[in-house]
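In our numbering, the protein residues as written are 1 to 186. Glycine included, each C-beta is placed from N, C-alpha and C at the ideal position.
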């Protein structure tokens with residue numbers, strides 16, 4: 001879907017607000033909702049923007065007005081985007097409602113790659129359904145198929161800090177949110 005689960009928004013906004021990253025990469029940006037979150041809570045909704053915001057979306061059909069909030073929006077597969085920038089790093093990387101669209105092995109490889117792309121003091125946020133939800137291609141987008149499950153326990157076992165454990169929230173959503181922090185170098 002071009003949208004993610006709204007119940008993760010307060011956690012993501014809080015993490016961004018506290019860190020105020022200078023650069024943000026939004027992978028699987030969809031219709032661009034998290035671009036608005038970055039502009040609201042990192043930039044206080046006021047231009048000129050202080051945060052360099054870059055998005056990647058595999059499906060051009062999701063283009064909408066929120067894409068205008070990004071300094072750069074790249075249309076194409078996440079893997080191709082990252083391969084074309086082997087040494088690029090960011091202060092914050094958002095992978096929200098995306099990892100479940102990768103097969104297990106591909107998702108693990110993506111997470112390994114992204115950890116190495118964090119600047120010192122950076123944060124990688126991973127949000128995903130914590131229970132299996134069958135989903136095929138939607139809206140003519142083959143990238144929408146769910147291929148893997150990443151519950152909080154799996155993310156914790158991989159070394160991530162769990163911020164939202166996947167227990168149903170007040171709206172009945174079962175979402176996991178985890179973070180990887182890049183330590184500052186002395």
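Asked: Beta-bridge partners of residue 42, as assigned by DSSP; Found: Bridge partners of residue 42: none, in fact.
Asked: Status (buried if at least 16 other CB within 10 Å, exposed otherwise) for residue 58; Found: buried
Asked: Of the residues 88, 84, 144 and 82, the one placed nearest residue 103, counting alpha carbons only; Found: 144
Asked: Alpha-carbon spacing of residue 192 relative to residue 100, whole angstroms; Found: Given a span of 1 to 186 for the chain in the structure shown, any question on residue 192 remains unanswerable.
Asked: Alpha-carbon spacing of residue 131 relative to residue 6, whole angstroms; Found: 16 Å
Asked: Cβ-based burial, residue 47 [other Cβ within 10 Å; buried from 16]; Found: exposed
Asked: Rounded straight-line distance, which links the Cα of residue 78 to that of residue 110; Found: 9 Å
Asked: Delimiting residues of the alpha helix (DSSP H) encompassing residue 113; Found: 104-115
Asked: Secondary structure of residue 14, DSSP reduced to three states; Found: helix
Asked: Cβ shell of residue 72 (< 6 Å), same chain only, five flanking positions each side left out; Found: 54
Asked: Residue 33 (DSSP reduced to helix, strand or coil); Found: helix
Asked: At least 3 beta-carbon pairs within less than 8 Å: the region 12-27 vs the region 35-44; Found: yes
Asked: DSSP state of residue 139 mapped onto helix, strand, coil; Found: coil
Asked: Reduced DSSP category for residue 181 - H, G, I as helix; E, B as strand; rest coil; Found: strand
Asked: Continuous beta strand (DSSP E) stretch holding residue 57: start and end; Found: 52-57
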